[in-house]
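First comes the structure, then the notes that go with it.
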Amino acid sequence: MSDSPEKLSVWCAGEEWCPITTTASLIGKKWHPVIIHRLLENGPSGFNELKEDVDGISSKVLSDSLEDLQEKGLVDREVINEQPFRVNYSLTDLGASLESVITEMAAWGQNYLEEPTESDEATR
43 MSDSPEKLSV WCAGEEWCPI TTTASLIGKK WHPVIIHRLL ENGPSGFNEL KEDVDGISSK
103 VLSDSLEDLQ EKGLVDREVI NEQPFRVNYS LTDLGASLES VITEMAAWGQ NYLEEPTESD
163 EATR
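Pasting the structure below:
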């Protein structure tokens with residue numbers, strides 16, 4: 043990672059809360075923080091590997107999410123020219139710089155997440 047992170051161009055009306063909305067615009071979709079977390083934990087991963095690691099995500103949603111994260115400069119997509127060819131996804135420096143944010147999200151969630159009840163388990 044470089045010492046000077048890439049600056050993001052995002053319009054905000056209020057300077058005080060602009061950094062919050064900028065971050066939310068990058069990782070505010072349901073699966074984005076989960077995908078980033080899995081890539082932080084496991085390193086570069088293929089599509090099928092990510093699909094297994096992100097329990098409950100459909101192939102279409104994973105594909106769309108990876109494309110969105112790539113457009114936002116958080117994820118790199120590398121085509122491996124093997125037979126059959128495969129694709130690896132990894133975090134960019136900008137994506138990896140979200141590690142502390144993702145870690146804090148996980149910690150906050152652990153503090154406030156209730157244990158599932160038997161009825162919750164039955165409805166899965």
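My numbering puts the first residue of the sequence shown at 43, with every later residue one more than the last.
Beta carbons are placed, not taken as given, at the ideal position from N, Cα and C, and that holds for glycine.
Residue i beta carbon near the ligand GDP (any heavy atom closer than 8 Å)
| i | result |
| --- | --- |
| Glu91 | Within the structure as shown, the ligand GDP is missing, as the structure has no ligands at all. |
Member of the options whose CA lies at the smallest distance from the CA of residue i
| i | options | result |
| --- | --- | --- |
| Val96 | Leu111, His74, Lys114, Gly115 | His74 |
| Thr134 | Val76, Leu81, Ser105 | Leu81 |
| Tyr131 | Ile144, Leu155, Glu109 | Glu109 |
| Ser107 | Ala148, Met147, Ile78 | Ile78 |
| Lys191 | Gly70, Leu155, Lys102 | As shown, the chain starts at 43 and ends at 166. That puts residue 191 outside it, with no answer to give. |
| Leu116 | Glu57, Glu141, Glu124 | Glu141 |
Per-residue burial, residue i [other beta carbons within 10 Å of its own, 16 or more giving buried]
| i | result |
| --- | --- |
| Trp59 | exposed |
| Ser105 | exposed |
| Ile144 | buried |
| Val121 | exposed |
| Gly85 | exposed |
Three-state secondary structure (DSSP) of residue i
| i | result |
| --- | --- |
| Leu140 | coil |
| Asp118 | strand |
| Asn178 | Because the chain in this structure spans residues 43 to 166, residue 178 falls outside the shown range and cannot be described. |
| Gly151 | helix |
| Ser100 | coil |
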